[in-house]
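Just below is one structure, and these are the notes that go with it.
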Amino acid sequence: MRVGFYGSSARRRVLAVCVLGVIAFALSACGGITPDDDGKKVVLTTFTVLADMARNVAGEHLRVESITKVGAEIHGYEPTPGDIKKAAKADLILDNGLNLEAWFSQFVADLEVPHAVVSEGVAPMDISEDAYRGKPNPHAWMSPVNAQIYVDNMVRAFTDLDPEHAEAYRANGDAYKTRLGAVRDDLVAAVNTLPAGQRALVTCEGAFSYLARDAGLTEKYIWPVNAEQQATPQQIGSTIDFVRQRGVPAVFCESTVSDAPMQRVVEASGARFGGVLYVDSLSEADGPVPTYLDLIRHDANTIATALAGVPR
2 MRVGFYGSSA RRRVLAVCVL GVIAFALSAC GGITPDDDGK KVVLTTFTVL
52 ADMARNVAGE HLRVESITKV GAEIHGYEPT PGDIKKAAKA DLILDNGLNL
102 EAWFSQFVAD LEVPHAVVSE GVAPMDISED AYRGKPNPHA WMSPVNAQIY
152 VDNMVRAFTD LDPEHAEAYR ANGDAYKTRL GAVRDDLVAA VNTLPAGQRA
202 LVTCEGAFSY LARDAGLTEK YIWPVNAEQQ ATPQQIGSTI DFVRQRGVPA
252 VFCESTVSDA PMQRVVEASG ARFGGVLYVD SLSEADGPVP TYLDLIRHDA
302 NTIATALAGV PR
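Quick note: the sequence shown uses the numbering used here, first residue 2, plus one each step.
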């Protein structure tokens, strides 16, 4: 009998068990297997902001996870094999839509998992510049008013997924929408304290169109949507001219991109760098924006304080 590397059939069985154990460990590490499975149906969102919204609607009845991690830039995200394994095990996937997740259609092409577009029903604002002209601005969640539409879509999707707890999802959604309305009121009140001439929001990416509309701010950005080619000399020059002509006291940049282009605007215009704003990602639990409501409050306070000339 030829033994070779594997030896007897008993040794082969032991080796097989070991190999399967290593594979299981690897899949768990990259998200393919969730060791703390609690038996709840799994809702998978494309980024952390949607995950937080969904948890507020789901309450204790669903387990909500995000494909992307805290701090990830969502536009050009490249899914990993672990992401795909994780998605294959989900019961429902939520995506933003409005061309935000350019990678999403290919990501779910071979998955037999239902998904819902949470921006459905939102009136999109079109991008007005560059190659993206005429396409919808995807950052609709930056309006707490639009976020209420997101919540309604989540309530419907969760009810279809788990009809037994439909009443809980509706009640959770109503309560969360009340809190969203209060945050919107606070946002408007904060901006209304500014002199009319200082109500301009200058950022790196054009991610604040919906928030600016809600708050009554004039928006200016360096580039419209995050992409590989960013911050051309023409874009920076146009932003510098805008800041100088309007006497804008402070400018801002998002947490998921480099602020180097905006620092050039600061140097050339004399405006202050007003702070970091959050859009595509929440922070860690001990950070400044662990929830979506915290994100909107943080951005509103940062904008109003800097434009009012209050030192940070």
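Beta carbons are placed, not taken as given, at the ideal position from N, Cα and C, and that holds for glycine. Remember, predicted model here, so these are calculated numbers, not experimental data.
If you count every other CB in all the chains shown that lies within 10 Å of the CB of Y211, and 16 or more means buried, which is it? For the purposes of this step, residue 211 is taken as the residue at position 210 of the sequence shown. Y211 is buried by the Cβ-count criterion.
Buried or exposed: which applies to D287, given that a residue is buried once 16 or more other Cβ atoms fall within 10 Å of its Cβ? Numbered from its first residue, the sequence shown carries residue 287 at position 286. By the neighbour-count rule (16 or more Cβ atoms within 10 Å), D287 is not buried but exposed.
Alpha carbon to alpha carbon, how far is P125 from W142? To locate residue 125, count along the sequence shown from 1; it is residue 124. To locate residue 142, count along the sequence shown from 1; it is residue 141. For P125 and W142, the distance between alpha carbons rounds to 11 angstroms.
Candidates T257, V71, R157, P82: closest to A55 by CA position: Position 54 of the sequence shown, counting from 1, holds the residue named residue 55. Taking only the C-alpha atoms, the option nearest A55 is R157.
Three-way DSSP call (helix, strand, coil) for L212 in this model: In the sequence shown, the residue the question calls residue 212 occupies position 211. Helix.
In its own chain, which residues sit with a C-beta less than 8 angstroms from the C-beta of S67, not counting the 5 before and 5 after it? Within the sequence shown, the letter at position 66 stands for residue 67. Same-chain partners within the cutoff: L45, T46, T47, F48, T49, L51, A52.
Any 3 or more C-beta pairs closer than 8 angstroms across the segment 110 to 119 and the segment 90 to 101: yes
Using the beta-carbon count (16 or more within 10 Å), is A25 buried or exposed? Taking the sequence shown and counting its residues from 1, one reaches residue 25 at position 24. Summary for A25: the model assigns pLDDT 39, below 50, so the residue's position carries little reliability, and this model does not support an answer.
Backbone CA spacing between K221 and A201 [nearest angstrom]: The count along the sequence shown starts at 1 and reaches residue 221 at position 220. The count along the sequence shown starts at 1 and reaches residue 201 at position 200. Approximately 7 angstroms, taken between the alpha carbons.
Whole-angstrom Cβ separation of S270 and I241, contact assumed at under 8 angstroms? Here residue 270 corresponds to residue number 269 of the sequence shown, with the count starting at 1. Here residue 241 corresponds to residue number 240 of the sequence shown, with the count starting at 1. Rounded, the Cβ-Cβ distance is 5 angstroms, consistent with contact.
Are at least three pairs of beta-carbons, each pair with one atom in the segment 287 to 301 and one in the segment 177 to 191, less than 8 angstroms apart? yes
Hey, out of A309, A59, A88, whose CA is closest to Y177's CA? Position 176 of the sequence shown, counted from the start, is the residue given in the question as residue 177. Closest option to Y177, Cα to Cα, is A59.
Identity of the residue in S239, N173, V249 nearest G310 by Cα: For the purposes of this step, residue 310 is identified with residue 309 of the sequence shown, where counting begins at 1. With distances taken between Cα atoms, G310 lies closest to V249.
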